[in-house]
Every structure is written in structure tokens, then in C-alpha cells.
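Visitor:
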Amino acid sequence: MSGAWRLLADDGVGAAEGLALDEALMGRYARGEPDRQPTLRLYSYRDHCALVGRYQDLGAEIDLEACRATGTEVNRRPTGGGAIIMGSGQLGLAYLDRAPTGGRPREIIEEFSAALADGLARLGITAGFHGKNDLEVGGRKIAGLGLYVDQAGAMLFHASVLADLDVGLMVRLLRIPAAKLADRAVAAVAERVTTITAETGNPHDAATIRPAIAEGLATAFGVALEPGSPDGDELARAESLAARRYRSQSWLDGRRAASDASGSALLRTPAGLARIYLTTHGDLIKSAIVAGDFNELPDALVAMESGLSWRRLDHASVAAVVDGSGASAALGVPPEKLIAAVIEAGRQARSTAGAAGPYLASDVS
Amino acid sequence: MEMAGWAFVAGFPLALDRRYEAETHMWVLVTEPGRARIGMDPVGIETSGTLAQLSFAPVGTELAVGRPFGQLEAAKFVGPLVSPVSGVVLGVNDAVAANAGLAERDPYGAGWLIEAGLDESGGELAGLLADPAEITAWFTTKIARYRLEGVIAQ
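Those sequence lines, one after another, are chains A and B.
Residue numbers 0 to 364, in numbering that gives the first Met the number 0, belong to the letters of the first sequence in order.
Residue numbers 0 to 153, in numbering that gives the first Met the number 0, belong to the letters of the second sequence in order.
The following block contains the structure:
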């Protein structure tokens, strides 16, 4: 890639308005539109916005009452992935271009992850894409990623980079099953995510990390960034999208083919009881957390939790992660016992979920 | 390991009884004159991410080369399923719509995606990879590239 990208920077945007502008910008890269330079938008939402993934159940993921009580705006992204809290402490990234011919999704995600890691390196942080799901530092998530290609062939790469994070607020606003049930909810989440503030020891927010992230992306892709602003057509389209879609109850309610579900199972270890919490989507594990009286969360457990994300809930897939992580040794239990506990937590989750039915896309043209 | 009509390339099975679209990893198996089954090869699936949901345009929808016939939702990706042929949707695989993992477990068989009535007036089938040697070379090159990039496991 070479040439120049348009760079947009804006802060304090509302949930509907922020998402609508991303989609409006995307429209310029649809099949049949004139060729134009890619756009990189580095922005932040106002404190605070809770955003669910496209196919998530709003009420299951977000405590709507807590959001009302704290003045938190709620909305739904067009991209997949999980629920997140956005605000001045989190830098949103939207890259918009025509989807490359022949580029596979994981190639594109890998390329952007490496570029984001380049930006983090400028802040003195070594991050990697080891879990194939999130950008991590020492097994802790520091940025979430998602790629969306629309039916017209336009591409949106989305990321949220944690400059800082109010974990207490996050636990209050998001329905994180394991965190809600565990005794040490805030600590449990804090052990699994990190921020640029935590890693560097210096206070950061979206605005202070923006230059480094921009430089990292520009260097990694070999492009110049040209500061710009949305044109009149883009702003008008964004306003229309905000009104028609992102402020509509039907978009917030969404539609889903299979509900996310959660379940847990007890595991007796030489050091005491541990509980494995799983969130599932059909026969997929979306997330896993092991809670117990650990003085310090063993790295092998973090590796297992990360590895279980987006794995099939079957013996072979779970066994591969358990065996590869060293988690059974860290817990002092035989691998089969740990595998059985993970499968049982999944069985519990699936027993609480509604059956998934066939599902036809209504927006296929 | 060799079986008639099959190759195994760097750990991935490759069915040689059908045609392939080189960029999207879609396969096209002509089941009778004017009719074909369409699916995605295992490398295409692996490079999409773990599949969460597959959805398809309704029966009767017109198909055009390079245009979507459905949507794929994976771990970190939502995007179109892109048609390798023109024609019309004659059937969709409800089993794979209900359980996307079927496409991972049996990509050339029970994990097929749609059935299409083919519009062959544009000679589009001729643009797909059809020669077994050519298909094997393409598949081998793609796997090597994705492994080099770290996109699929070694």
C-alpha cells in the first residue's frame, strides 16, 4: 500500500452519531463509487457509550438500567464482536476503503493488528495478536478489533484501543456473567485487560495516544496521513443514518439467530475450589473466565481463557487449548478433569439458551 | 495420502471434482446441466475466522459473479459471501444456516452453502479453476502465503 490516507480526528461524539459517520464514510467506498483515497478516523466517544456487537442481544449484554442511571448512551455496531464501553479513555479507530480483491479477512485483521502494535510500540508497549482475537500485552487485552465488509464491497476495520479504562464502571454497565457472579468482579476483569496508562505508568486518554497510533499505522502501511474533515455529503448521510438507523429502536433491538448464553461449572483443585464461567453462542465458546482464590492469576490460565475464545465447544477443540496452555498443571488437576469442567460449563450454558433456527439475511441484494 | 478425486495439500483436503474461484475460495460443483452446488473450501473458511453464522439470500434471488449471495459472521469478521457464478438461488442449506460449524467439519459435503441455477450465457464457468493440476498449484501457493503471513497455523 502506498500514497496518502485522509485522516479524521474527532472527540466526544455521541454513540449514534459516531457510528453513523463511520457508515456514511463507508458509503463512499461502495462498488460503483469513484475511486478515492482511504480514510482513517481516530476518534473518541463522549463519556460514556456502551456499544454491543451487531448480533448481540442488547438486554443480555448491557445493564440498561445502570446505563440510564449513569447517563450512558447505548447503541449497536454494524461490526461483530462483544460489548464494549467507549469514552474519552478509549481511542476508536475506523479505517475505510474498498475491500481488497483477494484479501482474506484474517490477512486484513493481521495486517492492521501489526500496524496497531507498531503504534503501541511508539508508546513503549510490546503488544501482539497472539490469541487471534484481540491485541494483547502479556496475555491481557489492550485493543479489540473487528472487520466489516458490507454488501456493496466497502470495508470498515474497527478497533478500540484502551488508553485507560474504568473497570468498575465497565463491570457495572456490562453484563459480564463471570464478573457479575465472581466475588472479585472488578479484580477479575482488571486481571484480564490492560491499558496504556497501566503499562506506561503515565495517565493517557484517546487524545494523548492518537499521534502515536496514527504514526504507527502510517509507517506500517507506508502512507502519508493528510488531515481532513468529512465533506457535506458525508455529514448529510451521517445525519440521515443516525436518524433512520442508529436512533431507531428496531436497530437497537437488533435481530439474532442464536442467543448468547452463559453457564459455569465447579472444579476442585488442590488449592481449593475454582469455577469456570463460559459465554457461548450456539456451539461456540465466546469467552471463558476461571475464578478462584488465586493469589495471582497464573499466566497459563489467562492463555487458556484466551485460547478458548471462539473455539467450538467439543472435546477435541477444548482439549487442544487445555493441553497447549499448561492450565491443568497450573491448577494441579489432570487435563481430562479440566476439559470435563469446561465442557460441563458449556453444557450448562447451552441448556439455558434458546434453539438456533435457520436465518435468512434480509439485507442481501 | 491420495484418493481418487482428492488431494491433501499441507494438511488441507482438496476436492478435485469441482471448480474454484481463486480469490474467494468458493467452489462450484455442477451437479446436473445448468445446476450447481456452491460452497467454500477449508482454506477460505480458515482464513475467515471461526464461523459463527452463515445466512443466505432467499430462493429465487438473482446471482451475479462477484456479488453477494449471503453473509458470513466469524470471530472478528462480518462480510458477504461472494458468488462465483451468475444465475439464481435454487436452494439454501438450512443445516449449515442453523449450524455454521458444519461448513468447517465437512466443507465439500454437508457444509455446502447454496444450490444455483446457472446462467451460462457469459461463459463464466470457464473463468474458474478446473484443471486438477492448476487447482492443486493454486491451493498450494495460497496455503504457503497464508502460513507465511501467520494467518493460518503452521
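For each residue, glycine too, the CB sits at the ideal point set by N, CA and C.
Given the structure is predicted, the values throughout are model-derived calculations rather than measurements.
Rounded to a whole number of angstroms, what is the C-alpha to C-alpha distance between A:S361 and A:I84?
Guide: For the purposes of this step, residue 361 of chain A is identified with residue 362 of the first sequence, where counting begins at 1. For the purposes of this step, residue 84 of chain A is identified with residue 85 of the first sequence, where counting begins at 1. Its pLDDT being 33, under 50, A:S361 is placed unreliably by the model, and the measurement read from it follows with that caveat. Whole-angstrom Cα-Cα distance: 29 Å.
Visitor: Give the residues of chain B in contact with A:E32, contact being defined as C-beta atoms less than 8 Å apart.
Guide: Counting from one through the first sequence, the residue named residue 32 of chain A turns up at place 33. Chain-ordered listing is empty here: chain B has no CB closer than 8 Å to the CB of A:E32, the nearest sitting near 16 Å.
Visitor: Measuring only between beta-carbons, confirm whether A:T278 sits less than 8 Å from chain B.
Guide: For this step, residue 278 of chain A is matched to residue 279 along the first sequence. It does not; no Cβ of chain B falls within 8 Å.
Visitor: Would you call A:G231 buried or exposed, if buried means 16 or more other Cβ atoms sit within 10 Å of its Cβ?
Guide: As a working note, residue 231 of chain A is residue 232 in the first sequence. Exposed is the call here.
Visitor: Taking one C-beta from the region 218-226 of chain A and one from the region 195-210 of chain A each time, how about it: are there three or more such pairs within less than 8 Å?
Guide: no
Visitor: For a cutoff of 8 Å on Cβ pairs, would you count B:A73 as touching chain A?
Guide: Taking the first residue of the second sequence as 1, we reach residue 73 of chain B at position 74. Closer than 8 Å: yes.
Visitor: Name the residues in the region 6-40 of chain B whose C-beta lies less than 7 Å from a C-beta of chain A; which are they?
Guide: The residues in question are E22.
Visitor: What does a CB cutoff of less than 6 Å around B:F138 pick up in its chain, not counting 5 residues either side in sequence?
Guide: Taking the second sequence and counting its residues from 1, one reaches residue 138 of chain B at position 139. These residues qualify, in order along the chain: V8 and L13.
Visitor: Should B:S47 be flagged as near chain A, meaning a C-beta pair shorter than 8 Å?
Guide: For the purposes of this step, residue 47 of chain B is taken as residue 48 along the second sequence, with counting starting at 1. B:S47 counts as touching chain A.
Visitor: Should A:G281 and B:N98 be called a contact, given that it needs their Cβ atoms to be closer than 8 Å?
Guide: Residue numbering aside, residue 281 of chain A sits at position 282 when the first sequence is read from its first letter. Residue numbering aside, residue 98 of chain B sits at position 99 when the second sequence is read from its first letter. Yes, they are a contact pair.
Visitor: I'd like the list of long-range same chain contacts for A:E190, defined as Cβ closer than 7 Å, with 5 residues on each side in sequence excluded.
Guide: As a working note, residue 190 of chain A is residue 191 in the first sequence. Counting only Cβ-Cβ distances below 7 Å, and skipping sequence neighbours, we find L296.
Visitor: Tell me whether B:W111 sits in a helix, a strand or coil according to DSSP, three-state version.
Guide: Position 112 of the second sequence, counted from the start, is the residue given in the question as residue 111 of chain B. Looking at B:W111 - three-state DSSP - the assignment turns out to be coil, as it is neither helix nor strand.
Visitor: Going by DSSP, which residues form a beta bridge with A:N74?
Guide: Stepping through the first sequence from its first residue, residue 74 of chain A is reached at position 75. In DSSP, A:N74 forms a bridge with A:L50.
Visitor: What would DSSP say about A:I175, mapped onto helix, strand or coil?
Guide: The residue you call residue 175 of chain A lines up with position 176 of the first sequence. Three-state result, A:I175: coil.
Visitor: At a CB-CB cut-off below 8 Å, which residues of chain B make contact with A:A282?
Guide: Numbered from 1 along the first sequence, position 283 holds the residue referred to as residue 282 of chain A. This sequence places Asp at residue 282 of chain A; Ala is not what is there. Chain order gives the chain B residues near A:D282 as N98 and G100, where near means a beta carbon separation below 8 Å.
Visitor: Spell out whether any CB of chain B is found under 8 Å from the CB atom of A:G127.
Guide: What you label residue 127 of chain A is simply residue 128 of the first sequence in a count that begins at 1. No, its Cβ sits nowhere closer than 8 Å to a Cβ of chain B.
Visitor: Within 10 Å of its beta-carbon, does A:Y358 have 16 or more other beta-carbons around it, so buried, or fewer, so exposed?
Guide: Numbered from its first residue, the first sequence carries residue 358 of chain A at position 359. Residue placement at A:Y358 is poorly supported in this model, since its pLDDT is 30, which falls under 50; the coordinates still yield a value, given next. Counting Cβ neighbours within 10 Å, A:Y358 comes out buried, since at least 16 surround it.
Visitor: Between A:S327, A:A153 and A:E110, which has its C-alpha nearest A:T38's C-alpha?
Guide: Numbered from its first residue, the first sequence carries residue 38 of chain A at position 39. When only C-alpha atoms are compared, the closest one is A:A153.
Visitor: Beta-carbon of A:T199 versus every beta-carbon of chain B: anything under 8 Å?
Guide: What you label residue 199 of chain A is simply residue 200 of the first sequence in a count that begins at 1. False, the Cβ-Cβ gap to chain B never drops below 8 Å.
Visitor: Is it right to say A:R35 is buried, meaning 16 or more other beta carbons lie within 10 angstroms of its own, or is it exposed?
Guide: Residue mapping note: residue 35 of chain A aligns to position 36 of the first sequence, counting from 1. Result: exposed.
Visitor: Quick one: grab the DSSP three-state call for B:P83.
Guide: The sequence position of residue 83 of chain B within the second sequence is 84, counting from 1. Assignment of B:P83 by DSSP, reduced to helix, strand and coil, places it in the coil class.
Visitor: Taking the straight line between their C-alpha atoms, what separation do you get for B:I37 and A:R267?
Guide: Position 38 of the second sequence holds residue 37 of chain B. Position 268 of the first sequence holds residue 267 of chain A. Using only the alpha carbons, I get a separation of about 48 Å.
Visitor: Going along the region 106-139 of chain B in order, which residues come within less than 7 Å of chain A, judged by CB to CB distance?
Guide: none
Visitor: Could you tell me which chain E residues have their CB closer than 7 Å to the CB of A:N132, listed as they occur along the chain?
Guide: Protein chains A and B are contained in the structure displayed, whereas chain E is not.
Visitor: Using beta carbons (cut-off 8 Å, strictly below), is A:I108 in contact with chain B?
Guide: In the first sequence, the residue the question calls residue 108 of chain A occupies position 109. Yes, because at least one Cβ of chain B sits closer than 8 Å to the Cβ of A:I108.
Visitor: Mapping DSSP to helix, strand and coil, what is A:H314?
Guide: Residue 314 of chain A sits at position 315 when you count from the first residue of the first sequence. Three-state result, A:H314: helix.
Visitor: Check the DSSP bridge columns for B:Q52 and list the partner residues they point to.
Guide: Sequence index remark: in the second sequence, residue 52 of chain B carries index 53 (1-based). Its beta-bridge partners are B:E72.
Visitor: With DSSP as the reference, label B:G78 as helix, strand or coil.
Guide: To locate residue 78 of chain B, count along the second sequence from 1; it is residue 79. Note: B:G78 maps to strand in three-state DSSP.
Visitor: Can you tell me whether A:G356 is buried or exposed? The criterion is at least 16 other CB atoms within 10 Å of its CB, across all chains shown.
Guide: Here residue 356 of chain A refers to the residue found at position 357 of the first sequence. Note that A:G356 scores 33 on pLDDT, short of 50, meaning its location in the model is unreliable; the coordinates nonetheless yield the value given after this. The residue is exposed, with fewer than 16 neighbouring Cβ atoms inside 10 Å.
Visitor: May I ask you to list, following chain order, the residues of the region 299-311 of chain A that have a beta carbon less than 9 Å from some beta carbon of chain B?
Guide: S308, W309, R310 and R311
Visitor: Could you list the residues in the region 8-33 of chain A with a C-beta less than 9 Å from some C-beta on chain B, going in chain order?
Guide: R30
Visitor: Residues bridged to A:D204 by DSSP?
Guide: Position 205 of the first sequence holds residue 204 of chain A. BP columns for A:D204 are empty, so no partner.
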